[in-house]
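Residue numbering for the sequence shown is 2 to 434, as defined by our numbering.
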Amino acid sequence: MSYWDKEKECMPREQLRELQLRRLKETVYRVYAFVPAYKAKMDQAGIRPDDIKCLEDLEKLPFTTKQDLRDNYPFGLFALPMSEVVRIHSSSGTTGKPTVVGYSKKDIDTWSELMARALTSAGATRYSVIQNAYGYGLFTGGLGVHYGAEKIGASVIPSSGGNTKRQIMLMQDFGTTELTCTPSYVLFMYEIMQEMGIEPADLKLKAGIFGAEPWSENMRREIENKLKIKAYDIYGLSEVIGPGVAIECACKQGLHIAEDHFIAEVIDPLSEKVLDDGSQGELVITTISKEALPIIRYRTRDLTALDRNICDCGRTHTRMRKVLGRSDDMVIIRGVNVFPSMVESVLLNIPGVEPHYLLIVERKGNLDQLEVQVEVSEKLFSDEVRKLEELGAVIGKEMESALGINAKIRLVEPKSIQRSEGKAKRVIDRRNI
Ligand SMILES: [Zn+2]
2 MSYWDKEKEC MPREQLRELQ LRRLKETVYR VYAFVPAYKA KMDQAGIRPD
52 DIKCLEDLEK LPFTTKQDLR DNYPFGLFAL PMSEVVRIHS SSGTTGKPTV
102 VGYSKKDIDT WSELMARALT SAGATRYSVI QNAYGYGLFT GGLGVHYGAE
152 KIGASVIPSS GGNTKRQIML MQDFGTTELT CTPSYVLFMY EIMQEMGIEP
202 ADLKLKAGIF GAEPWSENMR REIENKLKIK AYDIYGLSEV IGPGVAIECA
252 CKQGLHIAED HFIAEVIDPL SEKVLDDGSQ GELVITTISK EALPIIRYRT
302 RDLTALDRNI CDCGRTHTRM RKVLGRSDDM VIIRGVNVFP SMVESVLLNI
352 PGVEPHYLLI VERKGNLDQL EVQVEVSEKL FSDEVRKLEE LGAVIGKEME
402 SALGINAKIR LVEPKSIQRS EGKAKRVIDR RNI
């Protein structure tokens, strides 16, 4: 087992809790003093910074949502003057105003440390050649990974997203050992590799650190088998810091949350009550070391469960279950909650089916209908019609038993569903509701 900072990552829990409480108190004092929006919310809830006496008191504090970031656009939630802010990132803002996040010099150092831990946890060292195919720019993925990779002393290839043939050429010529990108993009790269006649054995690739979108265990198997690498899940979000909030270790039994910098809770998204460890709900994160944009009880919309048992890897930090969906991605069809990752899980258990799919929801009359477009393999597509019909029926049956509703299955030609070089689009909702 290798650690970047063993002292912090394996800190005894009692000591960790003491550190968390001290940092939480400091954070609460700071936002109350310097961020009017937090002061107003706390005053309204009747909470003073002095009321936070133990970690359990965190529950008393109001939540922060994406809407709060939008309401205070662009810099209203910053706790430092702009002269102390050295970096600004922002979401794409496809729906309304983007969300803006800022970093002090120390925040950038913290983030680099967290990414150094994450990359080390996935086996990277100073001898690694890390190809970073997350987009560079306002999105936190690119620069977040970049600084962490430099911190461990690896050789970084800042290839950014896109230009897939060049990515593969770089991988081959520069001897890339670790790849960082979204899980859907690595599968697309694999297809292009096949077209170019390049086999995994022609590359030095050992591992991939994949994140920025939910992906299933079946998708992990698919990536590991096709590319002959180890695939690690990484978690993060710009509102909290960016990638590096949590990372899988070699045990792959959940992602370790960097608890010396964040406090994680899981709540029932409807009642907003904190749930017991092991119960699935929405992840809520409080930052306890950030300077420019401290965030209290941020509702991530990501669904997971927590496990506080000490991991076989020796790390004491709480693990969060692999995120299988966001409450945002969820579509409700005839009263049933459907996540793209559930569909993905079903599909990848059926031979001849490719991990490329699209959910289309429509309303016909008063009835919601789900169509699942599924790509089949080249070999199967050129086969007789009867075989395709049989496959369609099998998928339909499996889908119905997994989702609890029936879906129309449409088998489509290989490579006909649009590929993504970033986050994959899995759902088209055509209902006007
Ligand atoms: Zn572990």
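Using N, Cα and C, we set each Cβ at its ideal position, and we do this for glycine too. Just so you know, these numbers come straight off a predicted model, no measurement behind them.
Please list the terminal residues of the continuous beta strand (DSSP E) segment that includes residue i.
| i | result |
| --- | --- |
| Ser-156 | 156–158 |
| Pro-356 | 354–365 |
| Gln-68 | Careful: Gln-68 lies outside any beta strand (DSSP E), inside the alpha helix (DSSP H) at 67–72. |
| Gly-103 | 101–105 |
| Phe-175 | Taken as a continuous stretch (DSSP letters only), Phe-175 belongs to no beta strand (DSSP E), being part of the alpha helix (DSSP H) at 165–175. |
| Ala-403 | From DSSP, Ala-403 is part of no beta strand (DSSP E) but of the alpha helix (DSSP H) over 386–404. |
| Lys-409 | 409–413 |
| Glu-266 | 263–268 |
| Ser-91 | 86–91 |
| Arg-300 | 299–305 |
| Asp-430 | 428–430 |
| Leu-1 | Absent from the model: residue 1. The displayed extent of the chain is 2 to 434, so no value can be given. |
| Gln-132 | 130–133 |
| Ile-334 | 332–334 |
Which residues mark the beginning and the end of the alpha helix (DSSP H) in which residue i is found?
| i | result |
| --- | --- |
| Lys-380 | 379–382 |
| Glu-179 | Here Glu-179 belongs to no alpha helix (DSSP H); instead the beta strand (DSSP E) covers 179–182. |
| Gln-281 | First-last for Gln-281: undefined, no H or E at that position. |
| Ala-150 | 141–152 |
| Phe-35 | 14–35 |
| Leu-78 | Here Leu-78 belongs to no alpha helix (DSSP H), and DSSP marks it neither H nor E. |
| Leu-348 | 341–348 |
| Glu-10 | 7–10 |
Measuring alpha carbon to alpha carbon, tell me which of the options ends up nearest residue i.
| i | options | result |
| --- | --- | --- |
| Val-187 | Lys-227, Asp-203, Lys-205, Glu-196 | Lys-227 |
| Ala-293 | Val-32, Leu-389, Ser-402 | Val-32 |
| Gly-397 | Ile-248, Ile-48, Lys-409 | Lys-409 |
| Ile-429 | Ile-264, Phe-340, Leu-412, Glu-414 | Phe-340 |
| Ser-290 | Ser-239, Asp-203, Leu-25 | Leu-25 |
| Leu-435 | Lys-40, Pro-75, Asp-72 | Residue 435 is absent from the model: the chain starts at 2 and stops at 434. |
| Phe-64 | Val-275, Ile-153, Ala-394, Glu-363 | Val-275 |
| Leu-325 | Val-344, Ile-230, Pro-415 | Val-344 |
| Leu-280 | Leu-271, Tyr-236, His-257, Leu-304 | Note that residue 280 corresponds to Ser in the displayed sequence, not to Leu. Comparing Cα-Cα distances from Ser-280 to each of Leu-271, Tyr-236, His-257, Leu-304, the minimum goes to Leu-304. |
| Val-161 | Thr-178, Ala-155, Ala-394, Phe-140 | It should be pointed out that residue 161 corresponds to Ser in this sequence rather than to Val. It is Phe-140 whose Cα lies nearest to the Cα of Ser-161. |
| Pro-50 | Ala-34, Ala-38, Glu-57 | Ala-34 |
| His-357 | Leu-412, Glu-401, Gly-315 | Leu-412 |
| Leu-59 | Thr-288, Thr-181, Ser-417, Ser-421 | Thr-288 |
| Ile-82 | Thr-301, Gln-419, Gln-374, Tyr-104 | Checking the displayed sequence, the identity of residue 82 turns out to be Pro instead of Ile. Closest by alpha carbon: Tyr-104. |
| Arg-420 | Val-373, Asp-44, Phe-189 | Phe-189 |
| Gly-163 | Glu-85, Thr-181, Asp-110, Ile-406 | Thr-181 |
| Leu-284 | Gly-237, Gln-254, Ala-38 | Gly-237 |
| Glu-399 | Lys-9, Leu-348, Pro-201, Val-354 | Leu-348 |
| Glu-179 | Leu-204, Ser-185, Ile-268, Asn-433 | Leu-204 |
| Asp-109 | Ile-131, Tyr-137, Val-146 | Reading off the sequence, residue 109 comes out as Ile, not Asp. It is Val-146. |
| Ile-268 | Glu-15, Leu-70, His-262, Asp-277 | Asp-277 |
| Gln-168 | Tyr-135, Arg-71, Val-375 | Tyr-135 |
| Thr-66 | Ser-91, Ala-251, Gln-374, Glu-240 | Glu-240 |
| Arg-71 | Gln-45, Val-101, Glu-8 | Val-101 |
| Lys-323 | Cys-250, Ile-264, Val-375 | Cys-250 |
| Met-321 | Lys-424, Leu-359, Pro-13, Asp-234 | Asp-234 |
| Pro-37 | Gln-45, Gln-21, Leu-78, Cys-55 | Leu-78 |
| Asn-219 | Ile-199, Ile-351, Ile-258 | Ile-351 |
| Arg-364 | Val-86, Lys-54, Arg-431, Lys-229 | Arg-431 |
| Lys-98 | Glu-266, Glu-390, Phe-76 | Phe-76 |
| Ser-185 | Arg-88, Asp-384, Ala-232 | Ala-232 |
| Trp-216 | Asn-73, His-90, Ile-230, Ala-425 | Ala-425 |
| Glu-200 | Ala-213, Arg-221, Ile-230 | Ile-230 |
| Ile-258 | Cys-252, Pro-270, Glu-273, Ile-286 | Ile-286 |
Report task. Please go through the region 207–253 and give each complete alpha helix (DSSP H) segment of 4 or more residues, from N-terminal end onward. Result -> Entirely contained in the region 207–253, the alpha helix (DSSP H) runs reaching 4 residues are, in chain order, 218–228.
Taking one C-beta from the region 366–375 and one from the region 321–337 each time, how about it: are there three or more such pairs within less than 8 Å? Counting Cβ pairs under 8 Å, three or more are found: they touch.
TODO: Give me every residue whose Cβ sits closer than 6 Å to any heavy atom of ligand 1, in chain order.
DONE: Selection output, chain order preserved: Cys-250, Cys-252, His-257, Cys-312, Cys-314, Arg-316.
Worksheet item: Counting Cβ pairs closer than 8 Å, one from the region 19–34 and one from the region 290–308, do we hit at least three?
Response: Yes, since at least three Cβ pairs between the region 19–34 and the region 290–308 fall closer than 8 Å, the two stretches touch.
Checklist entry - Using 8 Å as the threshold, is the region 96–115 in touch with the region 233–247, meaning 3 or more CB pairs across them? => result Segments in contact, yes.
*Using 8 Å as the Cβ pair cut-off and three pairs as the minimum, do the region 310–322 and the region 375–394 touch?*
No: fewer than three Cβ pairs fall under 8 Å.
Any 3 or more C-beta pairs closer than 8 Å across the region 123–141 and the region 195–209: The region 123–141 vs the region 195–209: in contact.
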